[in-house]
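Enquirer:
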DNA sequence: GATTTGATGATTTTT
DNA sequence: TCATCAAATC
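Okay, structure coming up:
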């Protein structure tokens with residue numbers, strides 16, 4: 015058995031990890047240290063040495079992309095397909111377990127998956143049925159709260175409410191929401207994990223079976239696991255199966271959605287024989303970039319401790335650019351990009367990273383002006399588009415007519431005369447008799463509870479679904495989709511809309527048919543239709559497909575995790591924006607912002623530019639900013655400050671900002687520090703008017719931003 | 001049933 | 001500022 019090819023091109027630490035004897039293994043893998051490589055080599059090694067056969071391996075990732083890449087790498091290394099191996103996302107694998115054990119869980123065989131948009135709508139409906147005001151119970155927040163509870167493994171009865179009215183009400187909503195899901199056979203994302211966990215917890219024979227089955231468990235991006243995911247892994251591992259966890263505490267940036275960085279520490283406690291291996295040699299970035307990133311992250315407390323190093327050269331200094339305002343920042347970045355392109359850097363090797371999506375606009379406009387092709391990540395994905403989801407909702411009703419979320423979505427889409435009055439009657443009837451909307455509709459018809467006209471409309475809808483169902487027996491998947499598009503009249507409806515949007519939507523629907531045509535199903539417990547629907551929910555589809563031509567890459571720092579580029583621009587390094595003001599006050603959250611900055615910096619291979627704007631226009635008003643503390647935390651040795659070139663100030667002050675052309679009113683310049691008797695100290699952020707009406711906007715340290723009439727405010731200059 | 005108006009509020013995102 | 005969304009209007 016020759017395994018040398020699997021170990022040859024690894025450094026000592028990597029080799030130690032790949033060839034470790036079976037047992038719990040924790041790999042702390044710094045950015046760019048070959049983490050994915052080690053994981054894939056480890057699996058290939060286990061298979062090649064005969065330690066375990068592919069179908070006894072469970073490898074879990076967070077994204078579908080990571081799962082795909084992992085499988086591909088292993089297959090390339092072993093030169094054979096490993097279809098039997100369980101490689102997938104937490105949600106994907108949980109889903110597979112639920113499909114296999116739907117009876118044990120009391121789920122309908124054709125249960126459907128609720129994505130976050132569906133969940134949001136469902137919660138809105140629940141709030142309405144409980145007659146709660148959306149202003150007091152914002153659906154988004156309720157959704158957030160419910161998912162938070164589920165991520166912690168808590169069912170309504172286990173929520174700690176301390177008898178507080180607010181919590182009690184949330185529990186009530188949570189309970190009602192669960193009831194709706196149960197009645198409709200719907201499972202949301204968090205529920206997939208929760209159910210998969212309960213399945214093992216409550217059925218000892220099933221647990222034993224999977225414990226025997228998964229002889230090796232590997233978890234990628236371990237710092238991103240939440241409570242329930244970790245509990246599930248532990249359960250599966252039992253006290254025999256070796257678990258390999260790979261992660262980096264310094265790259266934990268998803269705490270806000272339930273990820274528990276502590277899981278890394280808990281791991282060695284829960285699995286006492288754990289071997290910990292640190293991968294600290296970096297193969298990605300230059301010395302300067304690495305040293306700067308190390309220095310930055312060193313400001314965080316309670317790290318596991320790790321210092322990246324490289325054998326490569328120091329490379330160029332990190333550039334720091336202080337722009338006059340956000341437009342000028344964009345202009346600098348784009349002209350810098352242009353010279354990189356001229357010097358031969360491929361466009362797709364250049365990335366502009368930012369903290370929040372709103373920042374992309376100015377950058378896009380600048381790119382557009384210079385006619386540089388670019389791609390913004392993070393838009394709407396194929397299966398999330400409204401028209402596609404509508405078509406899928408028809409499919410879902412065909413498979414499971416009790417799916418209330420889908421029923422509500424399309425009962426009157428396209429409009430067919432089933433107005434809100436009629437739907438409300440169905441809702442009431444359903445709730446009073448514990449029926450799904452579909453059952454209620456049939457019942458209402460049978461009992462003639464509505465006018466003839468409304469009844470006919472409802473009958474028409476029921477017949478459409480019934481008709482599609484009939485035609486779909488023994489039909490190919492894509493034919494089912496074609497039936498849906500035709501009989502729902504969705505396609506016709508969009509084709510009649512001659513606007514660009516309408517045409518786009520019609521095209522997307524036709525694209526859905528080809529997606530169905532190309533779809534291949536690996537799991538055989540499932541009908542093609544159900545498998546396709548689950549696929550659509552679990553893998554919302556890559557961004558706009560086919561746009562892989564050479565483009566400058568724009569994305570948020572979060573999206574950039576796991577990627578790397580020759581040239582990286584990190585923009586908007588300003589207090590309040592990055593670190594974001596919503597995360598600045600709590601130490602823990604501030605540290606997460608710092609990790610985010612660390613992630614951003616370590617994306618760069620050769621060249622890193624940091625920039626900020628002294629004035630930024632945000633939410634309509636221009637605001638004075640301060641350079642981010644993260645800039646100060648990077649030692650000056652690694653940084654080269656770029657000065658604005660001489661012509662810039664006159665060029666930018668001309669037209670862009672009225673505030674710039676009218677910089678002061680009665681001695682109050684923008685940025686002037688002032689003191690007010692009641693409000694304390696603050697900074698002038700805006701001026702308007704003149705004479706006795708002149709007003710200034712002052713951002714006070716304690717009380718926030720206020721408009722004051724200069725004549726009355728009695729402001730002191732300081 | 002489509003279109004216009006007005007209020008609102010605005011990190012980060014995958015599944 | 002500007003996009004989104006629900007209510008109001010034609």
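Numbering (my numbering), first residue to last: 15 to 732.
For each residue, glycine too, the CB sits at the ideal point set by N, CA and C.
#1: Give me, in chain order, the residues of the same chain whose beta-carbon lies closer than 7 Å to that of residue 376; leave out the 5 immediate sequence neighbours on both sides.
#2: Compute the Euclidean distance between the alpha carbons of residue 566 and residue 387, then round it to the nearest angstrom.
#3: So, at 8 Å on beta carbons, what are the nonlocal neighbours of residue 432 in its own chain, with the 5 sequence-adjacent residues on each side left out?
#4: Restricting to Cα atoms, I'd like to know which of 563, 370, 648 and 518 is closest to residue 739.
#5: Check for me: the alpha helix (DSSP H) holding residue 27 runs from which residue to which?
#6: Any idea what DSSP makes of residue 290, helix, strand or coil?
#7: Which residue wins for smallest C-alpha separation from residue 247, given the options 237, 238, 233 and 34?
#8: Between the Cα of residue 75 and the Cα atoms of 68, 92 and 104, which residue gives the shortest distance?
#9: Taking one C-beta from the stretch 615-635 and one from the stretch 580-596 each time, how about it: are there three or more such pairs within less than 8 Å?
#10: If you check the beta carbons only, do residue 88 and residue 57 fall under 7 Å apart?
#11: Report yes if the C-beta distance between residue 618 and residue 130 is below 7 Å; otherwise report no.
#12: If you reduce the DSSP assignment to three classes, tell me which class residue 690 lands in.
#13: Looking at C-alpha atoms only, which residue of 600, 127 and 497 is the closest neighbour of residue 481?
#14: What does DSSP give as the partner residue(s) for residue 339 in the beta ladder?
#15: Please classify residue 488 as buried or exposed, where buried requires at least 16 neighbouring CB atoms within 10 angstroms.
#16: Are the CB atoms of residue 269 and residue 240 within a distance shorter than 7 Å?
#17: Since I believe residue 346 is in contact with residue 569 (beta carbons under 8 Å), could you give me their beta-carbon distance rounded to a whole number of angstroms?
#18: When the Cα of residue 532 is compared with those of 546, 521 and 540, which residue comes out closest?
#19: Return the first residue and the last residue of the alpha helix (DSSP H) that residue 246 is part of.
#20: Determine the extent of the beta strand (DSSP E) in which residue 584 is found, giving its start and end residues.
#21: From the DSSP output, in three-state form, read off residue 615 for me.
#22: Along the beta strand (DSSP E) that carries residue 389, what are the first and last residues, could you check?
#23: Kindly provide the ranges of any beta strand (DSSP E) runs that are 3 or more residues long and lie completely inside the stretch 64-95, ordered along the chain.
#24: Tell me, to the nearest whole angstrom, how far the beta carbon of residue 170 is from that of residue 192; I am working on the premise that it is less than 8 Å.
#25: How would you label residue 543, buried or exposed, when you count the other beta carbons within 10 angstroms and need 16 or more for buried?
#26: Run the CB neighbour count on residue 500, radius 10 Å, all protein chains shown included, and call it buried at 16 or more, exposed below.
#27: Once you ignore the five residues that flank residue 355 on each side, which residues in its own chain have a CB closer than 8 Å to its CB?
#28: Jot down the residue ranges of each uninterrupted beta strand (DSSP E) in the stretch 382-426, minimum 3 residues, whole runs only, in chain order.
#29: Say whether the stretch 646-658 touches the stretch 297-311, bearing in mind that this needs 3 or more beta-carbon pairs closer than 8 Å, one atom from each stretch.
#30: Taking residue 743 as the reference, which of 252, 267, 290 and 250 has the closest Cα?
Expert: The structure says:
#1: On the first chain, position 362 is the one that residue 376 refers to. Closer than 7 Å at the Cβ level, and outside the excluded window around residue 376, lie 340, 341 and 344.
#2: Position 552 of the first chain, counted from the start, is the residue given in the question as residue 566. Position 373 of the first chain, counted from the start, is the residue given in the question as residue 387. Between residue 566 and residue 387, the C-alpha separation is close to 6 Å.
#3: Your numbering for residue 432 matches position 418 in the first chain. Cβ neighbours of residue 432 beyond the five flanking positions: 425, 426, 468, 471, 472 and 475.
#4: The requested residue 739 is not part of the displayed model; the chain covers only 15 to 732.
#5: Taking the first chain and counting its residues from 1, the one referred to as residue 27 is at position 13. Note, residue 27: alpha helix (DSSP H), 26-32.
#6: As a first step, residue 290 must be located in the first chain, where it is residue number 276. Residue 290: strand per DSSP, three-state reduction.
#7: As a position in the first chain, residue 247 is number 233, starting the count at 1. The candidate whose alpha carbon is nearest that of residue 247 is 233.
#8: By one-based count along the first chain, residue 75 stands at place 61. Comparing Cα positions, the closest option is 104.
#9: yes
#10: The count along the first chain starts at 1 and reaches residue 88 at position 74. The count along the first chain starts at 1 and reaches residue 57 at position 43. In contact: residue 88 and residue 57 (Cβ atoms closer than 7 Å).
#11: As a working note, residue 618 is residue 604 in the first chain. As a working note, residue 130 is residue 116 in the first chain. Taking 7 Å as the Cβ cut-off, residue 618 and residue 130 do not qualify as a contacting pair.
#12: Translated into the one-based positions of the first chain, residue 690 becomes position 676. Correct three-state label for residue 690: strand.
#13: Numbered from 1 along the first chain, position 467 holds the residue referred to as residue 481. Nearest C-alpha to residue 481: 497.
#14: Position 325 of the first chain, counted from the first residue, corresponds to residue 339. Answer by DSSP bridge pairing, in chain order: 629.
#15: Within the first chain, residue 488 is the residue found at index 474, counting from 1. So residue 488 counts as exposed.
#16: What you label residue 240 is simply residue 226 of the first chain in a count that begins at 1. What you label residue 269 is simply residue 255 of the first chain in a count that begins at 1. Cβ distance not < 7 Å, so residue 240 and residue 269 don't count as in contact.
#17: Within the first chain, numbered from 1, the residue matching residue 569 stands at position 555. Within the first chain, numbered from 1, the residue matching residue 346 stands at position 332. Contact doesn't hold; Cβ gap of about 19 Å is too wide.
#18: Sequence index remark: in the first chain, residue 532 carries index 518 (1-based). That would be 546, whose Cα lies nearest to the Cα of residue 532.
#19: Sequence index remark: in the first chain, residue 246 carries index 232 (1-based). Residues 241-251.
#20: Locating residue 584 in the first chain gives position 570, where the first residue counts as 1. That run of the beta strand (DSSP E) goes 579-584.
#21: Within the first chain, the letter at position 601 stands for residue 615. Note: residue 615 maps to helix in three-state DSSP.
#22: The residue you call residue 389 lines up with position 375 of the first chain. Counting along the chain, the beta strand (DSSP E) containing residue 389 begins and ends at 388-390.
#23: 71-75
#24: As a first step, residue 170 must be located in the first chain, where it is residue number 156. As a first step, residue 192 must be located in the first chain, where it is residue number 178. Contact flag correct, Cβ pair sits at about 7 Å.
#25: Start at 1 with the first residue of the first chain, and residue 543 comes out as number 529. Its Cβ being crowded by 16 or more others within 10 Å, residue 543 is buried.
#26: Taking the first chain and counting its residues from 1, one reaches residue 500 at position 486. Classification for residue 500: exposed.
#27: Residue numbering aside, residue 355 sits at position 341 when the first chain is read from its first letter. The answer, listed in chain order, is 361, 364 and 386.
#28: 388-390
#29: yes
#30: Because the chain in this structure spans residues 15 to 732, residue 743 falls outside the shown range and cannot be described.
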